[in-house]
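Notes follow the structure.
Residue numbers (my numbering): 35 to 142.
Following this line, the structure appears as structure tokens:
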């Protein structure tokens with residue numbers, strides 16, 4: 035529970051005082067995660083897609099990159115990373131600049 039404070043206007047240096055009967059409850063929400071989704075296309079090779087995933091997605095392994103590349107090819111898309119919006123925007127932009135076809139970011 036948070037108590038609102040009000041400062042007297044009498045002069046500089048006056049300490050804030052607690053306004054009687056004024057309380058506020060702060061509800062903290064977590065930020066939503068976002069999905070980075072790579073789409074299938076007719077011009078990027080398996081090798082290029084796999085190398086981009088390895089280069090730009092942290093913690094990516096060669097086997098996982100290859101599995102995701104196959105999923106992109108055969109299912110039309112794959113979620114390659116899920117996390118905070120700022121990082122999702124960075125990875126999305128890097129993959130797009132590398133030539134991959136990207137779906138818009140969406141909340142997870």
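We put the beta carbon where it would ideally sit given N, CA and C, even for glycine. Keep in mind the model is a prediction, meaning the values are calculated, not measured.
Query: How many Å lie between residue 72 and residue 60 at the Cα?; Result: 38 Å
Query: Do you know offhand how far residue 134's Cα is from residue 55's?; Result: 58 Å
Query: Please return the same chain residues whose Cβ sits closer than 7 Å to the Cβ of residue 128, not counting the five positions on each side in sequence.; Result: 90
Query: Taking DSSP as the reference, what is the three-state secondary structure of residue 136?; Result: strand
Query: In three-state DSSP terms, what is residue 83?; Result: helix
Query: Using 8 Å as the threshold, is the C-beta distance between residue 68 and residue 142 below it?; Result: yes
Query: Report the option in 110, 83, 109 and 62 whose CA atom is closest to the CA atom of residue 100.; Result: 83
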